[in-house]
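Residue numbers (the numbering used here): 94 to 224.
1. Rounded to whole angstroms, what's the CA-CA distance from residue 150 to residue 109? Just pull it up for me.
2. As a quick exercise: from 202, 158, 186, pick the residue whose alpha carbon is nearest that of residue 145.
3. Taking DSSP as the reference, what is the three-state secondary structure of residue 120?
4. Report yes if the C-beta distance between residue 163 and residue 203 is below 8 Å; otherwise report no.
5. Quick test of your reading: residue 156 and residue 197, contact by CB under 8 Å. State the CB separation rounded to the nearest angstrom.
6. Quick check on the DSSP output: the beta strand (DSSP E) that includes residue 140 runs from which residue to which?
7. Output the boundary residues of the beta strand (DSSP E) element that contains residue 164.
8. Can you tell me where the beta strand (DSSP E) with residue 114 in it begins and where it stops?
9. Return helix, strand or coil for residue 179, following the three-state DSSP convention.
10. Span of the beta strand (DSSP E) holding residue 99?
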């Protein structure tokens, strides 16, 4: 079974005054043309859609999420719990439906990097309920 999404572990440095997490994977920066931050409360689901053109990278800044994805071509499905301390970047290619559910007790903060600038007249977002 092939993996539906790519997971990249980010480098973390621990200092006496806090931590620093950095990306060392050049492709993420080179392909990104747009970013957004999504904040959502416990039990709230974000996503439940897919894109035909867009490729997205997600980083969980704060919280705990249930992540659900499905490859629309193969129908292969994957679900897992993502925690902020894992320091993972998740890459969703086109035609991978995805959803995030806040399963923690506090607000979730999610950073997304996208390979194209958002266009309200052509959002390339298609509903697909997963969670």
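Built from N, CA and C at the ideal position, the CB exists for glycine as well.
Quick look at the numbers:
1. As a first step, residue 150 is located in the chain shown; it is residue number 57 there, counting from the start. As a first step, residue 109 is located in the chain shown; it is residue number 16 there, counting from the start. CA-to-CA, the gap between residue 150 and residue 109 works out to about 29 Å.
2. Counted from its first residue, the chain shown places residue 145 at position 52. When only C-alpha atoms are compared, the closest one is 186.
3. Residue 120 sits at position 27 when you count from the first residue of the chain shown. The answer is helix: DSSP assigns residue 120 an H, G or I state.
4. Taking the first residue of the chain shown as 1, we reach residue 163 at position 70. Taking the first residue of the chain shown as 1, we reach residue 203 at position 110. No.
5. As a working mapping, residue 156 is identified with position 63 in the chain shown. As a working mapping, residue 197 is identified with position 104 in the chain shown. Between residue 197 and residue 156 the Cβ distance is about 5 Å, and since that is below 8 Å, they are a contact.
6. Stepping through the chain shown from its first residue, residue 140 is reached at position 47. Its beta strand (DSSP E) spans residues 138-143.
7. Stepping through the chain shown from its first residue, residue 164 is reached at position 71. It spans 157-164 - the beta strand (DSSP E) in which residue 164 sits, taken as one unbroken run.
8. As a working note, residue 114 is residue 21 in the chain shown. Taken as a continuous stretch (DSSP letters only), the beta strand (DSSP E) holding residue 114 covers 111-115.
9. Sequence index remark: in the chain shown, residue 179 carries index 86 (1-based). Under the three-state reduction of DSSP, residue 179 is assigned to helix.
10. Within the chain shown, residue 99 is the residue found at index 6, counting from 1. Unbroken beta strand (DSSP E) run through residue 99: 99-102.
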